[in-house]
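In short: position in the sequence shown from 1, add 5, done, that's this note's numbering.
Don't be surprised by glycine CBs; every beta carbon is placed ideally from N, CA and C.
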Amino acid sequence: MEEKRRCRMIFSRSWKKRKLRSGGHLSSLSFQPGSDERGLTPLSFELESNLHILRNIFADCTDVLFHDFWISGSRRAILIYINGTANQEELNQQVLTPLLEGRRRSAGSPLFHGIIPVASGSEIGTIEETVRHVMDGNPVILTDGENTATSVGLTKWETRSVEEPIAESVVRGPREGFVETVEINTSLLRKRLRTPLLKMKSYKLGSISHTEVVIAYLQGVAEKALVDEVEKRLHSIRIDGVLDSGDLEELLQDNPYSPFPQLLSTERPDIACSQLLEGRVVILVEGSPIAVVAPTTFYSFLQSPEDYYERYFFGTVIRWLRYLFLFIALLGPSFYVAIVSFHQEMIPTALLLTMANSRELVPFPALLEALLMEITFEALREAGVRLPKQVGAAVSIVGALVIGQAAIEAGLVSSPMVMVVAITGIASFIIPHYTLGVAIRILRFPIMLLSGIFGIMGLMLGLLMLLTHLFTLRSFGVPYLSPLAPLNLQELSDVMARVPLWMTDASVDEHRGKNTGRDQEPDTT
6 MEEKRRCRMI
16 FSRSWKKRKL
26 RSGGHLSSLS
36 FQPGSDERGL
46 TPLSFELESN
56 LHILRNIFAD
66 CTDVLFHDFW
76 ISGSRRAILI
86 YINGTANQEE
96 LNQQVLTPLL
106 EGRRRSAGSP
116 LFHGIIPVAS
126 GSEIGTIEET
136 VRHVMDGNPV
146 ILTDGENTAT
156 SVGLTKWETR
166 SVEEPIAESV
176 VRGPREGFVE
186 TVEINTSLLR
196 KRLRTPLLKM
206 KSYKLGSISH
216 TEVVIAYLQG
226 VAEKALVDEV
236 EKRLHSIRID
246 GVLDSGDLEE
256 LLQDNPYSPF
266 PQLLSTERPD
276 IACSQLLEGR
286 VVILVEGSPI
296 AVVAPTTFYS
306 FLQSPEDYYE
316 RYFFGTVIRW
326 LRYLFLFIAL
336 LGPSFYVAIV
346 SFHQEMIPTA
356 LLLTMANSRE
366 LVPFPALLEA
376 LLMEITFEAL
386 REAGVRLPKQ
396 VGAAVSIVGA
406 LVIGQAAIEA
416 GLVSSPMVMV
426 VAITGIASFI
436 IPHYTLGVAI
446 RILRFPIMLL
456 SGIFGIMGLM
466 LGLLMLLTHL
476 FTLRSFGVPY
486 LSPLAPLNLQ
496 ELSDVMARVP
506 LWMTDASVDE
516 HRGKNTGRDQ
526 EPDTT
């Protein structure tokens, strides 16, 4: 009974807490008495001793295979690899066959010296390094009579092919999106920015997962202080596992309690490259098709890559339309509740009579009516996302039509309220970035409550509190409302309108980097 209770206590801890605690590092374990100055366990000259330690480490790991063979028929060796991570045909042709049939070699002579025809590989000398290379997918060879092992660069994880982004689709523009493999993602960046100024630094995060994280930036364009700050925050992270870029986004942001996203996330390589050209830092995470960009501003979430692929006049009009519908998505239901509940004198007489007639049989006050409709709409939206793609869209559309019409006929809601909620929902879909759209949808409810209690004064109070919060936000030290606050008229022009490319100039951006002109070529000398 006590054992069952203890098990329940262990598993009742939230996954988030377990993931954020500092896990045990492999290098801190002692596998045999001897250790080097780094605290690592060196490999022994005796193959059986090494095998005993490694078999204990990989106990119950049925996907880790140990292949016993003899090099040139004279020296025993063991090949350790993970089943499914290495191409079996290449492993046989490029590793096993040359070793089995190759010329004899003296002890201590590296296997890569004319024996194994593999382009990449390395010599390793500790148990911890051996385990790490095996877990990274590299086959490792241990030889009897040698205190070093050979890591063979034949990793081949299963990957998804490059496809069109789902959440950031465009009518005109590239159709390539990031995938879950960081090497492919870095190549997509290099494909567009073919310059040695594009620097990429790799890190391992997660004491258990050892997830590869890459930061990319343009040397001479990104401020060195920004790159140093990104590296500093990455080094300060203590976590068991990094499973997605969303984990890093949450751990790197300046204000973790804000509903607003403080780092830009994108699945498009073209957007990431445009951010690099503006002096920002792009963070890629192994296993995630979403890149994170630092720093960012509020207005970046209202811009679409298509703004710069279409003519500037069209991009400007669409940008103004987004700003208009941003306010509708945030304040539409709140304004309706306020004027219906407290300020009927603001409504024209003809419209007021129509609204009064539609609300005659509604048993709920306007605030409760709006809350019920908004919650129902959010439930339909969430159901459409979670259902299979073939039926999700149909359920959302048909469900909204059927429920709305049925609610009106039953006298539970008024037809103007259904129209307001529908227009608000459409307005929230116009916001290009999903993370900002979610924040707006959440903030709509507290402002609605204030409007239902205090009228227009409550709406203005909620808006004032929201603006005050936005003024205090920072993204890696950059003001969130820049260039509006602090005011920078030169940069503000590209926020209010899509400036034609032939009008842009190469100028210094004090918040984003050294290159704001898209026609500036960095100096490579």
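- Contact between S363 and S420 holds: their C-beta atoms lie close to 5 Å from each other, under 8 Å.
- With fewer than 16 other beta carbons inside 10 angstroms of its own, Y328 counts as exposed.
- The beta carbon of F330 is closer than 6 Å to those of A432 and I435 in its chain, skipping five residues each way along the sequence.
- Per the C-alpha coordinates, the member of T354, V345, G389 and L385 positioned closest to L372 is V345.
- Contact check for Y86 and V136: beta-carbon distance about 13 Å, past the 8 Å limit, so the pair fails to qualify.
- Secondary structure of A502 (DSSP, three-state): coil.
- Distance from D259 to F481 at the Cβ level is roughly 7 Å; contact confirmed, criterion being Cβ atoms closer than 8 Å.
- For A296, the enclosing beta strand (DSSP E) begins and ends at A296 to A299.
- Looking at the DSSP output, Q224 sits in a beta bridge with A227.
- Check the Cα spacing between T381 and each of V407, V367, P484 and M351: the tightest is with V407.
- Rounded to the nearest angstrom, the gap between the Cα atoms of R391 and A411 is 24 Å.
- Using a Cβ distance threshold of 9 Å, L385 and G416 do not count as a contacting pair.
- Rounded to the nearest whole angstrom, the CA to CA distance from L469 to I132 is 60 Å.
- Where W162 is concerned, there is no enclosing beta strand (DSSP E), because DSSP gives it neither an H nor an E.
- Taking every protein chain shown into account, the CB of S79 has fewer than 16 other CB atoms within 10 angstroms, so this residue is exposed.
- The Cβ neighbour count for N88, taken over all protein chains shown within 10 Å, is under 16; the residue is labelled exposed.
- For F71, the secondary structure class from DSSP, reduced to helix, strand or coil, is strand.
- Straight across, the Cα-Cα distance linking Y304 with P144 is about 48 Å.
- Put simply, of Y222, P201, L307 and S77 the residue whose alpha carbon is nearest the alpha carbon of A502 is L307.
- The distance from the Cβ of T160 to that of D141 is about 7 Å, consistent with a contact at the 8 Å cut-off.
- Put simply, the stretch 238 to 253 touches the stretch 204 to 211. At least three CB pairs are less than 8 Å apart.
- Within the DSSP secondary-structure output, R197 pairs in no beta bridge.
- In the structure shown, G337 adopts helical secondary structure according to DSSP, grouped into three states.
- For secondary structure counted as the alpha helix (DSSP H) over 4 or more consecutive residues, the stretch 224 to 295 holds these complete runs in sequence order: 229 to 240, 250 to 257 and 274 to 282.
- Counting only residues of its own chain and dropping the five nearest sequence neighbours on each side, I333 has a CB closer than 6 Å to the CB of A432.
- Counting the other CB atoms within 10 Å of its CB gives G150 a total below 16, which places it among the exposed residues.
- When the alpha-carbon of I447 is set against those of I220, I428, F265 and L489, the nearest one is in F265.
- In the DSSP assignment, R81 falls within the beta strand (DSSP E) that extends over R80 to I87.
- Taking a contact as a CB-CB distance under 8 Å, the pair I62 and T148 does not count as one, their CB atoms being some 19 Å apart.
- Along the stretch 414 to 475, the alpha helix (DSSP H) occurs as fully enclosed runs of 4 or more residues at 420 to 435 and 439 to 459, listed in sequence order.
- The shortest CA-to-CA distance from L193 to any of K204, L202, I146 and R273 is the one to R273.
- The beta carbon of L56 lies closer than 8 Å to those of F71, I83 and L147 in the same chain, with the five residues before and after it left out.
- In this structure, the straight-line span from the alpha carbon of A375 to that of Y262 is close to 27 Å.
- Taking 9 Å as the cut-off, the beta carbon of E379 is found closer than this to the beta carbon of F450.
- Rounded to the nearest whole angstrom, the C-alpha separation of M351 and S456 is 15 Å.
- P103 sits in a helix when the DSSP states are folded into three classes.
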